[in-house]
Amino acid sequence: MNDQAQRDQALDISQSFIVQAPAGSGKTELLTQRYLKLLSTCSEPEKM
Numbered sequence: 003m004n005d006q007a008q009r010d011q012a013l014d015i016s017q018s019f020i021v022q023a024p025a026g027s028g029k030t031e032l033l034t035q036r037y038l039k040l041l042s043t044c045s046e047p048e049k050m
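Residues in the sequence shown are numbered from 3 upward in steps of one, following the numbering used here.
Written out as structure tokens, the structure reads:
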């Protein structure tokens with residue numbers, strides 16, 4: 003599985019995942035994108 007496919011899979015909010023990658027590979031950016039995606043699907047984000 004290539005890098006982009008793995009990133010796309012990690013952004014699927016219906017599944018859990020573990021992020022393992024070296025420093026500077028974009029882990030924080032990926033988790034931020036996932037969090038924002040979760041917030042956009044929630045009708046009351048303050049209860050998240």
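Yeah, the Cβ is synthetic: ideal placement off N, Cα and C, and Gly gets one too.
Fair warning: this is a prediction, and the values are worked out from it, not measured in the lab.
Return helix, strand or coil for E46, following the three-state DSSP convention.
Coil.
To the nearest whole angstrom, what separates the beta carbons of L41 and P47, a pair I think is in contact under 8 Å?
Indeed they touch by this definition, with Cβ atoms about 5 Å apart.
Is I20 near R36, with beta carbons less than 8 Å apart?
Judged by their CB atoms, I20 and R36 are not nearer to each other than the 8 Å cut-off.
Close-in-space but distant-in-sequence residues of the same chain around L55 (CB under 8 Å, 5 per side omitted):
The structure shown does not extend to residue 55, since the chain spans only 3 to 50, so no value can be given for it.
Length of the line joining the Cα atoms of D5 and S45:
Our two residues, D5 and S45, have alpha carbons roughly 31 Å apart in a direct line.
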